[in-house]
Amino acid sequence: MSEYTRLFLHFLHAITDARKRVSVFLFGTRLTNVTRALRARDPDEALASCSSSVEDWAGGTRIATSLHSFNKLWAGGCSGRAPSCC
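If you count by the numbering used here, then the sequence shown holds residues 91 to 176, one letter each, in order.
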């Protein structure tokens, strides 16, 4: 998956830039909200900020745990808009 990461993050950066009410979460072994990190105007700066804010980068995945955390902590705040998760 890591070979596609840069492409996905560029896509999410563009969506975040175009729509101000988008929240972006990444998950590996834990859930990380990277919305603020992707708000930087320069895409490379946004990607660097995003990767530095994710503590478990390339550390595997715990999908069920991450989805549970999202539902418990964030789903209520995202009501009325679809979350962008990858």
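Where is the CB? At the ideal position from N, CA and C, for every residue including glycine.
Name the two residues that bound the continuous beta strand (DSSP E) containing residue i.
i, result
"Thr122", "121 to 123"
"Leu157", "Per DSSP, Leu157 belongs to no beta strand (DSSP E); it is in the alpha helix (DSSP H), 153 to 163."
Do you know how far the Cα of residue j is from the Cα of residue i?
i, j, result
"Ser139", "Leu128", "7 Å"
"Asn123", "Glu135", "17 Å"
"Phe98", "Ile105", "11 Å"
"Asp132", "Ser142", "15 Å"
"Arg126", "Arg120", "17 Å"
"Asp107", "Ala130", "9 Å"
"Phe160", "Arg109", "21 Å"
"Ser113", "Glu93", "23 Å"
Got a sec, what are the start and stop residues for the alpha helix (DSSP H) residue i sits in?
i, result
"Asp134", "133 to 143"
Do residue j and residue i come within 8 Å of each other at the CB atom, strictly closer than that value?
i, j, result
"Val144", "Leu116", "yes"
"Gly118", "Trp147", "yes"
"Arg96", "Leu157", "no"
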